[in-house]
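>
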Amino acid sequence: MAEFPEELRFAKTHEWARLESDGSVTIGISDYAQEALGDVVYVELPETNTSLKAEGEAGVIESVKAASDYYSPISGTVIETNSELEDNPEIVNDAPYDTGWLFRLKPGNSAELNSLMNTGEYRQLCEEDDH
Amino acid sequence: MGSTTPLYKQHLEAGAKIVDFGGWDMPLHYGSQIGEHMKVRQDVGMFDVSHMTLVDIKGIGSRAMLVKLLANDVRKLTGNGRALYSAMLNEDGCILDDLIVYGNGDDYLMVVNCGTREKDLNWISKQAEPFDCSVCERTEFAIIAVQGPNSIPVVEDVVGDDVRATMENLKVFQGQYCGRWFLARTGYTGEKGVEIVLPADDAVKLWGDLSEKGVQPIGLGARDTLRLEAGMNLYGSDMDESVTPLSSNMETTVVMNDHEFIGKAALQEQLQSGIDERLVGLIMTSRGVLRAHYPVYCDGQKVGETTSGAFSPTLQHSIALARVSETQGELTVAIRGKQLVVQEVTLPFVRNGRQVYKTQ
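Protein sequences, first through last, are from chains C and Z.
Under the numbering used here, the final residue of the first sequence carries the number 670; numbering is consecutive throughout.
Under the numbering used here, the final residue of the second sequence carries the number 734; numbering is consecutive throughout.
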């Protein structure tokens, strides 16, 4: 059963975003997404200091099944990427909302978070996807 | 819902992700394909391969029939259960299927692929008509494969005395009956192991007994990466009816000398005019995963395609099989618009849990 933590916002492309206390936003892929991908073997992360657009391509996750593009749910500048994933990509499968985070953004406009789905809406999307 | 094996309930209980495989609902994995792969390489795992097709070929005409039917020569089998891996060809020398046949006196047991079941049964029955033999599919059995460096002692530990005694006498690549069970020291992983054909009820009990001893179930996802590391072909991916064994890395399984078989004339023609393409091993050490149907280039010219590809958990980089016309030059594969360098290597990629390939 996939997990859907309450404090996160979700994009319809299955990324999550979390507003941190310092105003930055952490982004990763959802539990539903990692389950669908299967074992992750490589993660291509965006470069720090790049500008990303909302719904723009951010990187690629290569799993045993396929290579999948992932997108930034909001616009902003990349301030940090998860270097753990270089040697341990499987963390994305094991802890997608926690140590499996992908990158952190300085948001262009944190109001964009409000146009993302809340947990309930995202859970519903996933349930519909399953049918 | 597709066909299910006698162990379907056990797969669900173990948390399997079920997928369709040739019309069967089979376990793709039980949580982590990579974890399952490494478990087999380092320890032991069990596979439900009951979806495969079992065919009994019996009678005094069996041997002559199989000599004609198969590209490999069953006369190599001395009748005490030795197994033979062979391609089965059509008149054009192209591969209808690959299979294993065990010889026991006048009787043979053949294991063919699940996806080719109907085609194979129709073809074999037709070819068998002029011979004094019967061709009978066995449908009331399950097949459990236990594979890995620790597989043999673990199985011997849970089975009855008679089965244990049979196993102790089994040589590698040999199969023997023990009552209603058939045991063979064969496998599709490149590890030590045993494949057990047994009645459905016995299979449920054996699966449970092995489970209690801590043997993990392994899904089809890991089965595919294990066989690829071991350099073994998968029918439907690495070969099909458009290619001959000579361009499928199966030359050593074809016996041309003093052996008349279906497809021989076509192979002789191919040998005469020259073999255009070979099935080779490729590795990619840069980040990325080779998959099937990626174009392969040699010095910038397209020379073929990958037929199978995966991330190798044992080697921690990607490996692939590719059918190509040329490898002398810089080899690259096109992946999502980029040309990535690959190298041709010898097969298998892995043996006894470690890299054995050499770059060519």
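Each residue gets a CB set at the ideal place from its N, CA and C atoms; glycine is no exception.
Predicted model, so just to flag it, every value in this text is computed and none were measured.
Please name the residue or residues paired with Gly683 of chain Z in a DSSP beta bridge.
Beta-bridge pairing links Gly683 of chain Z to Z:Ala694.
> So, is the C-beta of Ile693 of chain Z closer than 8 Å to a C-beta in chain C?
No, Ile693 of chain Z does not count as interfacial toward chain C.
> Counting Cβ pairs closer than 8 Å, one from the segment 430-442 of chain Z and one from the segment 492-512 of chain Z, do we hit at least three?
Short answer: they touch.
> Tell me, please, which residues DSSP counts as bridged to Tyr661 of chain C.
According to DSSP, Tyr661 of chain C bridges with nothing at all.
> Just to make sure I have the definition right: I need the residues of chain Z whose C-beta is within less than 9 Å of the C-beta of Tyr581 of chain C. Which are they?
Within chain Z, the residues near Tyr581 of chain C are Arg661, Gly662, Val663, Phe685.
> According to DSSP, simplified to helix, strand and coil, what is Pro401 of chain Z?
The answer is strand: DSSP assigns Pro401 of chain Z an E or B state.
> Considering only the alpha carbon of each residue, which of C:Leu655, C:Ser563, C:Asp637, C:Asn653 lies closest to Glu619 of chain C?
Taking only the C-alpha atoms, the option nearest Glu619 of chain C is C:Ser563.
> In this structure, does DSSP put Asp471 of chain Z in helix, strand or coil?
Three-state DSSP puts Asp471 of chain Z in a strand.
> Assuming Gly564 of chain Z and Glu603 of chain Z make a contact with CB atoms under 8 Å, what is their CB distance in whole Å?
Right, their Cβ atoms sit about 6 Å apart.
> What residue does the beta strand (DSSP E) around Thr599 of chain Z start on, and which one ends it?
Premise fails: Thr599 of chain Z lies in the alpha helix (DSSP H), 594-603, not in any beta strand (DSSP E).
> Against chain C, does Ile592 of chain Z count as a neighbour if the rule is that its beta carbon must be under 8 Å from one of theirs?
For Ile592 of chain Z, the answer is no, since every Cβ of chain C falls outside 8 Å of its Cβ.
> Kindly indicate which residue of Z:Leu483, Z:Ser377, Z:Leu473 has the alpha-carbon position closest to the one of Gly397 of chain Z.
Nearest of Z:Leu483, Z:Ser377, Z:Leu473 to Gly397 of chain Z, Cα basis: Z:Ser377.
> Can you tell me whether Thr587 of chain C is helix, strand or coil according to DSSP?
In the structure shown, Thr587 of chain C sits in coil (DSSP, three-state: anything other than H, G, I, E or B).
> Going by beta carbon distance, what residues of the same chain come within less than 7 Å of Ala438 of chain Z, once the five residues before and after it are set aside?
So the qualifying residues of the chain are Phe505.
> For Gln407 of chain Z, would you say it is in contact with chain C, using Cβ-to-Cβ distances shorter than 8 Å as the test?
Yes, because at least one Cβ of chain C sits closer than 8 Å to the Cβ of Gln407 of chain Z.
> Can at least three beta-carbon pairs, one atom from the segment 420-429 of chain Z and one from the segment 591-606 of chain Z, be found at a separation below 8 Å?
With a cut-off of 8 Å, the segment 591-606 of chain Z and the segment 420-429 of chain Z count as touching, because enough Cβ pairs lie within range.
> Would you mind telling me which residues of chain C sit closer than 9 Å to Arg710 of chain Z, beta carbon to beta carbon, in chain order?
By Cβ distance, chain C contributes Val599, Ala606.
> Which residues in the same chain have their Cβ closer than 6 Å to the Cβ of Val603 of chain C, if we skip the five residues on either side of it in sequence?
The answer, listed in chain order, is Gly577, Asp578.
> Is any beta-carbon of chain Z found at less than 8 Å from that of Gly615 of chain C?
Output row for Gly615 of chain C: interface = no.
> Closer than 7 Å: is that where the CB of Leu470 of chain Z sits relative to any heavy atom of the ligand SAH?
Annotation note on the ligand SAH: not contained in the displayed structure, which lists no ligands.
> Just to confirm, is the Cβ distance from Gln407 of chain Z to Ala596 of chain Z under 8 Å?
Yes, these two residues count as a Cβ contact at 8 Å.
> Please work out which residues of its chain come closer than 8 Å, Cβ to Cβ, to Lys676 of chain Z, disregarding the five sequence neighbours upstream and downstream, and give them in chain order.
Excluding positions up to five away in sequence, the list reads Pro669, Val670.
> Would DSSP call Pro523 of chain Z helix, strand or coil?
Of the three classes helix, strand and coil, the one that applies to Pro523 of chain Z here is coil, per DSSP.
> Using the rule of at least 16 other Cβ atoms within 10 Å of the residue's Cβ for burial, across every protein chain shown, is Ala605 of chain C buried or exposed?
Under this definition Ala605 of chain C is an exposed residue.
> Can you have a look at Cys507 of chain Z and say buried or exposed, based on whether 16 or more other CB atoms are within 10 angstroms of its CB?
Cys507 of chain Z is buried by the Cβ-count criterion.
> Name, going along the chain, the residues of the segment 551-571 of chain C whose beta-carbon falls closer than 9 Å to a beta-carbon of chain Z.
Those residues of the segment 551-571 of chain C that come within reach of chain Z (Cβ to Cβ, closer than 9 Å) do not exist; the list is empty.
> I think Gln416 of chain Z touches Gly727 of chain Z, with their Cβ atoms under 8 Å apart; what is that distance to the nearest whole Å?
At roughly 7 Å, the Cβ-Cβ gap stays under 8 Å, so Gln416 of chain Z and Gly727 of chain Z are in contact.
> Apart from the five residues on each side of it in sequence, which residues of its chain come closer than 8 Å, Cβ to Cβ, to Ala550 of chain C?
Correct list, in chain order: Ala556, Glu594, Tyr610, Pro612, Leu655, Met656.
> Got a sec? Which residues, its chain only, sit under 7 Å from Ser682 of chain Z by beta carbon, not counting five neighbours each side?
Counting only Cβ-Cβ distances below 7 Å, and skipping sequence neighbours, we find Leu602, Leu608, Ser611, Asp612, Ala666, Ala694, Leu695.
> In chain C, which residues lie with their C-beta within 9 Å of the C-beta of Leu595 of chain Z?
In the sequence as displayed, the identity of residue 595 of chain Z is Gly instead of Leu. Gly577, Asp578, Val603, Lys604, listed in chain order.
> How long is the line joining the alpha carbons of Ser607 of chain C and Gly567 of chain C, rounded to whole angstroms?
Straight-line Cα distance between these residues: approximately 13 Å.
> Figure out for me which residue from Z:Arg697, Z:Val629, Z:Lys566 has the closest Cα to the Cα of Asp650 of chain Z.
Of the candidates Z:Arg697, Z:Val629, Z:Lys566, the one whose C-alpha sits nearest the C-alpha of Asp650 of chain Z is Z:Arg697.
> So, using beta-carbon positions, are Gln735 of chain Z and Thr720 of chain Z closer together than 8 Å?
Because chain Z is modelled from 375 through 734, residue 735 of chain Z falls outside the range shown and cannot be assessed.
> Helix, strand or coil for Met630 of chain Z? Go by DSSP, reduced to three states.
Residue state, collapsed to three classes: coil.
> With a threshold of 8 Å, are at least 3 pairs of Cβ atoms found where one atom belongs to the segment 444-451 of chain Z and the other to the segment 465-479 of chain Z?
With a cut-off of 8 Å, the segment 465-479 of chain Z and the segment 444-451 of chain Z count as touching, because enough Cβ pairs lie within range.
> Using 10 angstroms around the beta-carbon of Lys587 of chain Z, count the other beta-carbons present and answer buried if the total reaches 16, otherwise exposed.
Its Cβ having fewer than 16 others within 10 Å, Lys587 of chain Z is exposed.
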